[in-house]
Structure formats: structure tokens, C-alpha cells
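Be aware that the sequence shown starts at 1, since it is given in full-length UniProt numbering, and climbs by one per residue.
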Amino acid sequence: MEREVVAAAEREFVQNGAIMAVESLDGRELQWFFRNINDGVEHLSPSPRIFVTQIGLEPVLRERAAALGGRLRYSAELVSLSTDDDGVTARVRDRRSGEESTVRARYAVAADGVRSPLRHRLGIGMRGHGTFSDSVTIYFRGDVRPLLGDRNLSVVYVVNPRLQGFFRFAIDGRSGFLVVNTAVDDDGRRTTVGGTATEADCVRYVRDALGAPDLAVEIDDVQRWNASAEWAERFAAGRVLLAVTRLDPGLGTDGLMPMVDDALIDLGHRYRSAAITPDGSDDGDWEDPREPTGRPGFRLPHVPVRRAGTELSTLDLVSTAPVLFTGSGGAAWARAGETAAARLGVPLDVYGVGPGGDVEDPDRAFASAGGIGAEGAMLVRPDGFVAWRAAEAVVDPVGVLYAALARSLVRRHSSG
1 MEREVVAAAE
11 REFVQNGAIM
21 AVESLDGREL
31 QWFFRNINDG
41 VEHLSPSPRI
51 FVTQIGLEPV
61 LRERAAALGG
71 RLRYSAELVS
81 LSTDDDGVTA
91 RVRDRRSGEE
101 STVRARYAVA
111 ADGVRSPLRH
121 RLGIGMRGHG
131 TFSDSVTIYF
141 RGDVRPLLGD
151 RNLSVVYVVN
161 PRLQGFFRFA
171 IDGRSGFLVV
181 NTAVDDDGRR
191 TTVGGTATEA
201 DCVRYVRDAL
211 GAPDLAVEID
221 DVQRWNASAE
231 WAERFAAGRV
241 LLAVTRLDPG
251 LGTDGLMPMV
261 DDALIDLGHR
271 YRSAAITPDG
281 SDDGDWEDPR
291 EPTGRPGFRL
301 PHVPVRRAGT
311 ELSTLDLVST
321 APVLFTGSGG
331 AAWARAGETA
341 AARLGVPLDV
351 YGVGPGGDVE
361 DPDRAFASAG
371 GIGAEGAMLV
381 RPDGFVAWRA
391 AEAVVDPVGV
401 LYAALARSLV
411 RRHSSG
């Protein structure tokens, strides 16, 4: 879906823009955080950072779900949900007709928003800081093109004595939204924006943040929300899984944002587990979490590769089975992997990378990124973490791989 998602984003916003802070859009520039939101991170992923709204993204997801055979129901209300050892039973009401029907499935996903009535019904609480800001998102129309000039801006933070918040502007420069987290009234008192802002206040906030007191501004919508930092006490209750387990106000977002694990690049970027086989390279020193590495316990590095004429990333080759990557001279590892997997009774995908392999490495970058030689190998778990690697060939590849596979599966093993 990447092509469709990127296209949806490009219809809404200028992409690859800057993130900066200003006193007002027409006023003093305080700080340029990024001139281009993808600068310095291109090597981390085959996919670029983009900005897209929920309104822009949901039609793409809907079309994909329908193409995969999903049945979509609109104006539907969950009346009840019961679980047993074999699955879940949902009672659903059509809010237009009032008719009720039963849906039976193996699992249910509570994707009912950050406040999740179903999570409350399951008795799963939230912990953390809680609410620390009553905010508003103001959707407005107004011609800001003269104020933008030739600046390509993705997110514009506004910090001045009257308010703090941020802008995003539509691609045509004639509309956008302003998030206001903090505002000061005419008497110099800090206001609870989310609970008190009137339409007249919202017009004033937009003009103050733009630095354009006479600009014609029309308010299309105002959303009131609370910024919060929390996490769920449990991720599931039986066969009911939570879609949102952590909340964060996020960077440049207009509400509570469900956090994605891949965003945790600075904290917890190294995975420590009994299912990881150390290779002696972990010296405990600090390393840049944005620098690709094939060390066990780290995520598999992104390397552009080609398979059967198709441009891919090494990340695209990770699936539901463990993956063994070998260097161009790693045929012995490939045979050993197949033997070890057969003994354990588990599936294993095997790819030889480089000359003579089934995966081409046009930039010859895989060996250095993965930290293995031509006769080396690397075992990657289905979650994308490197479980084990060997820089070169060994005397007993079957025994070594059998032990590494068994450990990654948290199984007791015997090489015999």
C-alpha cells in the first residue's frame, strides 16, 4: 500500500518539508529543527517519513481491507462481546435500522479509539502521567501563501507570549490547522484552552500565531482534546487484543497518538533476551542507535537488494518464519540451516546475498551493514531482530545453527 499512502499524503501536504519554531509565521524564526524531515534517516528504512491525516489514510486502508476480503460495516454499534476458549462472539446493532446480528471470530481487536469503551468494559486500566494539557485543534481557511513565502514547511511550532502550539498547512496554502496547547487571555492569565475557547477565541489564536491580525479567517471545525502520556496495564484480555496500549502527545500530532514500536529508536533500541545469542561484539559502549548494525539483539539493517528482478529491502525478506541470511560464499551455512530447521521441525527461509546468491546486493552494502564476511551468516527472528550471527565459516555449522535456532525459539536443545 505504500504507493497509495504516499499519494494520499501528497494530496494533502507538501512532503519532505522542514520542522521549525517561530514567534509567528510572519515573525521571527526561532529554530530550524530539520530542513527536511528525511535528512539523515534515509538509510534506516526503504520508506520515507510522510505526513498524512486520518482522513487521507482511512480510504486507503478501507480499499485494502475490502480487497483482502474484509467485510466492512458502517453505523455499527457493539452491543456485547463474550469470549470462550475457542473465540469471541459479538452482538452488533445497525444504528440505522436497529437490527442486531451476531459475529463469530477467533479473536477481536479493540480498535475503538484512545478512550476505548471496550478496554474499560474489559477492566483494563491505564497508568502513567495522565492528562497534562487541555488543547484544541482549530481547522481553518485563510490564504497563508504570502506568509509562507518560499519556505517548504511540514510542521511550524509557535512560541510567543500569547500562545504555544503548532501549525500544519494544506498543500495549496489556503487552509490548515492550528493546535493550541497553552494560551493567555487579555488579562495575562493562562487559560484552559480546551474547555473555554469560543469561535472568536479560535480566530484570534489563528491570527496571533500567523502574525496577521487582519487576515480573513474562517473556522471549519474545532476539536477539543487532552494531551496525555499513559500505557495499558495489560495488552489483552483472553482473545480480545487492544489496538492502543500506549498514548503519547507525539511530535506534530493533533491528539493522543498510539505509539508505534519502531519509534523507540533511542530508548530500548537494543533488545536483550535469552532468545538472543551474543557474538562477543557487545562491549557495552554507547553507540548511535541510528547507525545500522547486524549485532545480535539489534534490528536487521535496511539494505537495498534485488530478488528476481524486483527492488526490495532486506526488511521485506523478514516474514513469519526465521530467516537465515548468508554471504556470497555461505552455501555451507544454507545447507546447515535447512538441516537444523528440519531437526527442530520449524520453517526457515534462507537467502544467499551477493554474487551467486538468490538475492543481489547492487551496492555491495550487506556485508558491512550486517557485520559478516562472504562466508558468514546471520539469523533473524520474525520480529526483525538479529538472533545470531557468525562473521565467517565454522567447523560445525549444523551444530552451531541448531543451537542458535533452538535458543531463538526458547527451546532446550541437544546437537545430537
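Just so you know, even glycine gets a beta-carbon here, dropped at the ideal spot from N, CA and C. Remember, predicted model here, so these are calculated numbers, not experimental data.
Taking residue i and residue j to be in contact with their CB atoms under 8 angstroms, please state how far apart those CB atoms are, rounded to whole angstroms.
i	j	result
residue 438	isoleucine 138	Residue 438 falls outside the range modelled here, since the chain spans only 1 to 416, and no answer is possible.
residue 425	valine 318	This structure cannot settle anything about residue 425, because the visible part of the chain is limited to 1 through 416.
arginine 239	alanine 110	About 11 angstroms; that fails the 8 angstroms criterion.
valine 398	phenylalanine 325	No, valine 398 and phenylalanine 325 are not in contact; Cβ-Cβ is about 17 angstroms, not under 8 angstroms.
valine 79	alanine 8	At roughly 33 angstroms, the Cβ-Cβ gap does not stay under 8 angstroms, so valine 79 and alanine 8 are not in contact.
alanine 212	leucine 147	6 angstroms
phenylalanine 140	isoleucine 55	About 16 angstroms; that fails the 8 angstroms criterion.
valine 303	alanine 365	5 angstroms
serine 82	aspartate 94	Not quite, the Cβ-Cβ distance comes to about 20 angstroms (not below 8 angstroms), so this is no contact.
alanine 229	glycine 128	5 angstroms
glycine 354	aspartate 361	5 angstroms
valine 144	glycine 176	7 angstroms
valine 305	valine 359	5 angstroms
For residue i, collect the residues of the same chain with a Cβ closer than 7 angstroms to its Cβ; drop the 5 residues on either side in sequence, then sort them by chain order.
i	result
alanine 105	Gly87 and Val88
threonine 339	Val398
glutamate 12	Val52, Thr53, Gly56, Ala170 and Ile171
aspartate 185	Thr191
phenylalanine 34	Ala18 and Ile19
Which stretch, first to last residue, makes up the beta strand (DSSP E) that contains residue i?
i	result
tyrosine 74	Unbroken run through tyrosine 74: none, as it is neither H nor E.
glutamate 218	218–232
glutamine 15	Unbroken run through glutamine 15: none, as it is neither H nor E.
arginine 141	126–141
alanine 321	Unbroken run through alanine 321: none, as it is neither H nor E.
alanine 387	386–390
glycine 165	163–169
arginine 91	88–94
glutamate 311	310–313
leucine 153	153–159
Mark residue i as exposed unless 16 or more other C-beta atoms lie within 10 angstroms of its C-beta, in which case mark it buried.
i	result
leucine 405	buried
valine 400	buried
residue 417	No statement about residue 417 is possible, as the shown extent of the chain runs from 1 to 416 and does not include it.
leucine 122	buried
glutamate 311	exposed
tyrosine 402	buried
tyrosine 157	buried
serine 135	buried
proline 296	buried
threonine 102	exposed
glutamate 100	exposed
serine 116	buried
aspartate 201	buried
alanine 367	buried
alanine 369	buried
Secondary structure at residue i, three-state DSSP: helix, strand or coil?
i	result
glutamine 31	strand
phenylalanine 298	coil
glutamate 100	strand
valine 244	coil
serine 328	coil
tyrosine 107	coil
valine 353	strand
phenylalanine 235	coil
serine 47	coil
proline 146	helix
threonine 304	As written in the sequence, residue 304 is proline, which differs from the threonine given in the question. Residue state, collapsed to three classes: strand.
arginine 343	helix
alanine 377	strand
valine 180	strand
alanine 9	helix
glutamate 23	coil
arginine 189	coil
How far does the alpha helix (DSSP H) with residue i in it extend, from its first residue to its last?
i	result
aspartate 208	199–210
isoleucine 55	54–67
glycine 194	193–196
valine 400	397–408
leucine 118	117–121
residue 417	As displayed, the chain neither begins before 1 nor continues past 416, which places residue 417 out of reach and without an answer.
Excluding the 5 residues preceding and the 5 following residue i in the sequence, name in chain order all residues of the same chain whose CB lies nearer than 6 angstroms to its CB.
i	result
serine 133	Asn181 and Ala227
leucine 118	Ala110 and Asp112
arginine 333	Note that residue 333 is tryptophan in the sequence shown, not arginine. Cβ within range, chain order: Thr326, Ala377 and Pro397.
alanine 183	Leu163, Thr191 and Val193
What does a CB cutoff of less than 8 angstroms around residue i pick up in its chain, not counting 5 residues either side in sequence?
i	result
asparagine 38	Asn16, Pro48 and Arg49
aspartate 348	The identity of residue 348 in the sequence shown is leucine, whereas the question assumes aspartate. The answer, listed in chain order, is Ala321, Pro322, Val323, Leu324, Gly337, Glu338, Ala340, Ala341 and Leu405.
aspartate 316	Pro46
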